[in-house]
Every structure is written in structure tokens, then in C-alpha cells.
Amino acid sequence: MAVPTVQQPPDTYLLWTKFKFPDPSLGPVTAFAVPTPIYRYIQNGYALLSTIMVVNLWAIVMVFGIYMQLTTTKTASRVNGMAMSLWNTKDAPRQSAIATLLYVRKKWNKWWYYPFISILAGAWVASLAAGIFLPSRIFLGNAAPVNPLSIYVPTVSSLELSIAETFSKYALEGGGYMRAAAAALVASDEIRAKVMVSQPAVEGTWNNEKRSGIVNETIQRIDYGYNITGTDLGLQHIPQLILTVTGSCATDYTWLNMSRSTSGQINQVVYNEDVYNCPWLLKEEIVANSINSPGPSATFCVQDPDTATNKGNVSWGVVISSVDQVSIATGQDPWYMTSSSLDERNGNLTRVLPGRPALSCWQDDLWSYKGESTDVTNLQSILPPNTISDATADILAHNLGGPVVESLGGHIGTAALQSYRGTVNRLFNAGESSMYSDLSALILGAYIATINNLADTALHRDHQSINTPDIRNLAREKDDDSKTRPDVGQFIVFSDQVASLSLTLVILIPFLTLASWLLMQALLAFTPLKLTKAMEPTEL
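Each number in the numbering used here corresponds to the 1-based position in the sequence shown with 134 added.
Now the structure itself:
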């Protein structure tokens with residue numbers, strides 16, 4: 135299920151509407167959603183109905199037992215005290231057990247005593263358990279079908295956007311990523327356990343003497359991965375769908391084009407900066423220095439998925455900007471390596487060395503369903519007909535068409551690095567900062583952003599302020615923005631303000647309760663079991 139990051143507004147979901155709840159064990163379950171306060175009343179009512187149903191079944195058993203006793207007893211009086219006790223308490227298993235115990239307490243050595251008492255106790259326990267277990271089975275989760283009118287997916291209809299339009303689209307997309315990054319900071323151990331990030335493994339060394347003064351800097355690799363199901367995404371009809379994300383990152387010194395000293399425009403301060411070339415940004419340089427940021431920062435770049443041999447396997451990378459950042463402690467991490475000692479003449483501080491490596495990564499996103507696999511752009515090819523609409527498939531391809539971790543890092547800016555969050559007055563602790571902790575937080579945030587990607591489409595509260603023909607809503611018809619695309623809302627959103635109830639059980643429990651009562655009345659009225667009515671006080 136989605137990782138809660140914000141309260142889902144009431145106008146983003148539909149109540150009292152039939153939908154499919156994607157249960158991971160049962161598959162798509164027909165359900166409807168109600169407000170949580172109403173569910174509490176329903177739960178209490180169904181607890182009573184469940185108890186009544188078991189009591190009716192118990193009464194039928196008692197009627198059969200009394201009938202057998204009346205028709206097999208050869209004494210003159212066929213009505214004994216125990217039969218009277220069972221009849222008078224047939225509607226209350228607990229009273230039946232207590233009354234019978236009192237009546238037969240002196241016959242504890244009879245062969246039938248303990249089996250009989252066990253049956254009575256079992257009926258009593260069953261009446262209690264039914265009132266607890268059956269109503270709990272009605273509840274499926276805190277979810278409701280999304281309101282199609284609330285879905286907003288900003289996409290461009292032109293490759294040439296103005297600066298204002300570019301920033302508008304960027305701002306619209308950023309909210310979900312910011313929430314995911316914040317949720318990653320306070321994620322539970324259960325959520326963290328679903329993401330694998332390996333400890334750095336040394337793959338070799340690199341002679342970096344010309345830039346950092348260190349002959350052999352280690353080349354390190356970090357692997358990562360996680361799985362997400364259709365249930366996690368909230369897809370109504372395909373809970374068995376699985377997205378398997380695997381990736382790997384390695385420090386790469388070849389991206390570094392040069393390290394140089396530069397004079398600033400203010401007071402002619404001389405500072406170091408590193409210049410990088412990302413393989414997928416051939417015409418642009420990435421310049422890293424301490425002047426433009428009060429703490430370590432990062433620049434993300436990604437391969438165009440359309441140019442990848444396999445659209446599910448895309449390369450991406452990170453350029454760290456930590457050179458010359460001032461630290462209160464020495465550091466040995468590739469991204470935060472400082473001189474080996476603190477400078478006593480400079481307040482026991484030190485600086486990050488130039489020549490920090492970039493992080494070159496690849497990520498493979500594999501979508502699987504019942505033994506067949508593909509990338510997100512061909513998702514419908516492995517799914518049964520009518521399980522996912524064109525609109526929902528387009529939204530998934532739009533949101534998850536590339537490495538989400540790169541999109542996350544690019545949208546949250548300086549907040550992408552753990553080291554920056556610990557920066558105070560341009561000072562940070564290189565000794566406690568690491569490439570591993572930065573990447574771990576990013577991967578966890580990407581996991582949360584991926585799970586929430588559909589639910590987040592209903593949280594764009596300010597999209598109406600964007601009025602440009604070049605940014606349109608992917609959830610609406612291309613030629614008529616006032617019309618939603620068919621079946622665009624084939625997913626659910628999660629909120630503790632709603633409860634999903636199994637429609638089958640909501641109907642079945644009252645039906646079985648009524649059926650058990652009618653069966654008991656019919657047996658007493660139209661079968662030989664009516665003989666037991668001789669036990670009624672008015673007929674004695």
C-alpha cells in the first residue's frame with residue numbers, strides 16, 4: 135500500500151462506489167468505501183448479526199438434540215430436567231453451558247460428560263469469536279477509488295517551453311518528490327527493510343594525484359534494489375503485478391574534465407572548482423564549487439530512455455559538488471575526502487579536496503505479471519484485457535519511464551544530500567558524511583515516490599493556476615481538456631478517513647443470519663422436530 139505522506143483530501147476519492155480492492159492474497163475484491171466513523175457503526179451491527187447467526191445455528195443443533203432425547207427415551211416422562219434446561223437456553227450458548235454444568239455436575243464420570251461439555255463450550259466460544267472474526271473480515275483497508283476529476287498529470291505538448299512554463303511544470307512535479315524525501319527521513323523499519331542498498335565494495339583504485347594529491351583513490355560500487363506490487367501502487371485489477379527495480383552505482387573519475395582555481399568577483403577570493411562532463415549532456419559542463427552553495431550539493435543527469443537499447447534499462451549519474459566545502463572533521467569517503475589533518479591556524483577546520491568522483495549508475499525496471507515481463511511502455515502487452523486502461527498505463531509510463539531516483543534528486547535540489555541537511559553556517563562534518571548514506575536516502579525516497587506516484591496525481595491542488603496550452607493534463611482528453619479519459623481512475627488512494635468493505639461479506643452475513651433464523655423456524659413448524667415445541671411452558 136501507499137506510504138502516507140499527507141492526508142488525502144476528501145474530494146480526491148469516491149465513497150459508496152463499487153470498485154475492486156487489490157488484495158495481495160485474494161486478488162481483486164469487490165468492495166465499496168465508507169467514512170471511517172460509519173464503518174465503526176457497521177462493524178458493531180455486523181458483530182451482532184454474526185453472533186445471532188451462530189446462536190441460530192446452535193439453537194438448531196439443540197433442537198435436534200432434544201428431539202433425539204424425546205423420541206428415544208422410554209420412560210414415562212420424556213421431559214427431563216436437562217432437556218428443559220437446554221430448551222430454555224437454546225438461544226444463549228453460554229447459559230446452555232452453565233445450566234447444563236449445574237444439572238449434570240454429579241455425572242462427571244459418565245463417558246458422555248466431557249464430550250458434551252466440550253460441545254457446549256465450543257458453541258459458547260464460537261458465538262463470541264463470530265462477533266469478532268466475521269466483522270473484521272469485512273474490512274479490507276483504508277482506501278477508496280480515486281476521483282477521476284482530481285487527477286492531474288502535467289505533461290508537455292511542445293518541446294520548446296518558455297522559462298516560466300518550465301518552472302511551472304517543475305513546481306507541479308516537485309510536490310510528490312519532496313513529500314517522498316521527507317517520508318524517507320522518518321520511515322519505519324518495516325519500510326526500510328523493503329529497500330536493499332549494499333555496503334560499498336572496492337572495485338579497484340584510481341590515480342588521482344594530479345587533482346587531489348592522492349595516488350590511489352578507491353573505486354567503489356554500491357548496488358540497490360526493491361520490489362513494488364500492483365497492490366502497493368493501488369492498481370485495482372492487477373495486485374499480482376510486480377515492478378522489480380535493480381541498479382548499481384560506481385565512483386567514476388573519468389567524468390572529471392578538470393580541476394582549477396578561480397577568482398571570485400567579490401574580493402577576488404580564490405577558490406577551487408571541478409568541471410565535469412556527463413556522458414548524456416555532451417554540450418554542457420557541470421561546474422562544482424563551494425561558492426554557489428552553502429553546503430555540499432549534487433547535480434543529476436540521465437540518459438534519454440528513448441536512446442537506450444532496452445527502455446527498461448537506463449543509465450543515470452550524480453556529480454557531487456563538495457570541493458572546498460569546510461568541515462569540522464576529516465573525512466575519508468570518496469565524496470567528502472579532506473586533507474588528513476585539521477588546520478590549527480584556521481580554527482581546527484579542513485576542506486574537501488578537489489577531484490571528487492562522479493557516481494555513474496544504471497537502473498533496470500522490470501515489470502512482471504504471471505511469468506511474463508516487459509518495460510513500462512509495453513505494460514499492456516503482458517496484462518489480461520481490461521485490467522488497465524490506456525490512460526492509467528500512460529500515467530505509469532509518464533511517471534516511471536526513467537529512474538525515479540534521478541527524478542527525485544533533480545527535483546528536491548540541495549535536500550538530496552544527507553550531508554547538506556547537517557550543514558550549519560557553511561560548516562559540515564565530512565567525517566560523518568558518506569556517499570552511501572546519501573544514496574541510501576535517495577533510493578528509499580525513490581521507493582516511496584514510486585509507490586505513491588499514482589496517489590500523488592490527485593494532490594496537485596494548485597494546477598489550475600497554470601494556464602498555458604503547452605502544459606496539459608495527461609488524464610484529460612487531448613482535444614477536450616474538460617473531459618476525463620475513459621477509465622483513468624483505475625487505482626485507489628489511501629486515507630485513514632475511509633474504510634474499504636467487502637461487498638460480498640456485507641451482503642452475505644445478513645443473508646446467512648436471516649437464512650439461519652428461517653431454517654430454525656421452518657424446522658420447528660414443518661418437520662417432526664416440531665415435537666420439541668412440547669417443551670414450551672404453555673404446553674407443559
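Note that CB positions come from ideal geometry on N, CA and C, so glycine has one too.
Helix or strand or just coil, what does DSSP make of residue i?
i    : result
W496 : strand
W340 : strand
Q624 : coil
S211 : Interpretation of S211 is limited by its pLDDT of 48, a score under 50 that renders its predicted location unreliable; the figure taken from the coordinates is listed afterwards. In this structure, S211 counts as coil in the three-state DSSP scheme.
G451 : strand
N586 : coil
Y405 : strand
D386 : strand
S461 : strand
M392 : strand
G121 : Absent from the model: residue 121. The displayed extent of the chain is 135 to 674, so no value can be given.
L415 : coil
L160 : coil
N607 : strand
V99  : Absent from the structure is residue 99, since the part of the chain shown begins at 135 and ends at 674.
N281 : coil
Y470 : coil
L646 : helix
G381 : strand
Y304 : helix
N423 : strand
E189 : A small fix is needed here, since residue 189 is Val in this sequence, not Glu. DSSP places V189 in helix when its eight states are reduced to three.
P169 : strand
P428 : coil
I372 : coil
A136 : coil
A442 : coil
As a quick exercise: from the options, pick the residue whose alpha carbon is nearest that of residue i.
i    : options                : result
Y358 : S574, Y201, C412, S650 : S574
V622 : L588, F660, V195       : L588
A463 : A531, V453, S475       : S475
K154 : S424, D458, L369       : L369
G161 : L646, V336, S636, V640 : S636
D323 : V137, Y570, I641, C435 : V137
V618 : S302, I626, N607, V627 : The sequence shown places Thr at residue 618, rather than the Val named in the question. Of S302, I626, N607, V627, the residue nearest in Cα terms is N607.
P537 : V436, I529, P620       : V436
L183 : I348, Y147, L646       : L646
E337 : F301, S382, L268, D157 : S382
S629 : L274, S159, K152, V452 : L274
P143 : G556, M654, Q624, L593 : L593
V539 : F267, S252, A432, V627 : A432
G309 : G543, I626, N281, P171 : G543
P468 : T365, P158, Y570, D440 : Y570
T170 : A277, P158, C412, S159 : A277
Does any residue of chain D bring its CB to less than 9 Å from the CB of residue i?
i    : result
L369 : Going by chain labels, chain D is absent from the structure shown, which holds only one protein chain.
Please go through the same chain and pick out, in chain order, the residues whose beta-carbon is closer than 8 Å to the beta-carbon of residue i, but skip the five residues on each side of it.
i    : result
P616 : What sits at residue 616 in the sequence shown is Ser, not Pro. These residues qualify, in order along the chain: R610.
I272 : I176, Q177, Y180, L635, S636, L639, V640, I643
V168 : L149, W150, I176, V632, A633, L635
A210 : With a pLDDT of only 42 at A210, under 50, the local geometry of the prediction cannot be trusted, and the value read off the model is given with reservation. Cβ within range, chain order: n/a, list empty.
Quick one: what's got a C-beta closer than 7 Å to residue i's C-beta in the same chain, skipping five residues either side?
i    : result
V329 : Y360, I577, L578, Y581
P488 : R345, S346, S393, N406, D408, V457
A564 : S461, A463, T464, G465, Y470, T472, V486
V287 : I529, H532, T591, N607, L608, A609
A442 : V448
D145 : N281, S284
V349 : N341, E343
Among residues of its own chain, excluding the 5 on either side of residue i, which ones have a beta-carbon nearer than 6 Å to its beta-carbon?
i    : result
W340 : E351, I353, Y387
T139 : R313, A317
Y363 : The sequence given here has Thr at residue 363, not Tyr. I376, listed in sequence order.
E506 : I516
H371 : K154, P162, T521
W414 : C435, Q437
Y173 : A633
Three CB pairs or more closer than 8 Å across the segment 545 to 554 and the segment 487 to 501: no
Contained beta strand (DSSP E) runs [length at least 3] in the segment 477 to 563, N- to C-terminal order: 492 to 503, 506 to 508
Every unbroken alpha helix (DSSP H) within the segment 316 to 367, with a cutoff of 4 residues, ordered by chain: 323 to 326, 343 to 346, 364 to 367
Given 8 Å, three or more beta-carbon pairs between the segment 503 to 518 and the segment 358 to 377: yes
Three-pair Cβ contact test at 8 Å for the segment 184 to 192 versus the segment 648 to 658: yes
Inter-stretch contact at 8 Å, needing at least 3 Cβ pairs: the segment 384 to 394 / the segment 497 to 510: no
The segment 427 to 444 contacting the segment 521 to 530, beta-carbon criterion three pairs below 8 Å: no
Segment contact flag, the segment 417 to 424 with the segment 441 to 448, C-beta cutoff 8 Å, min 3 pairs: no
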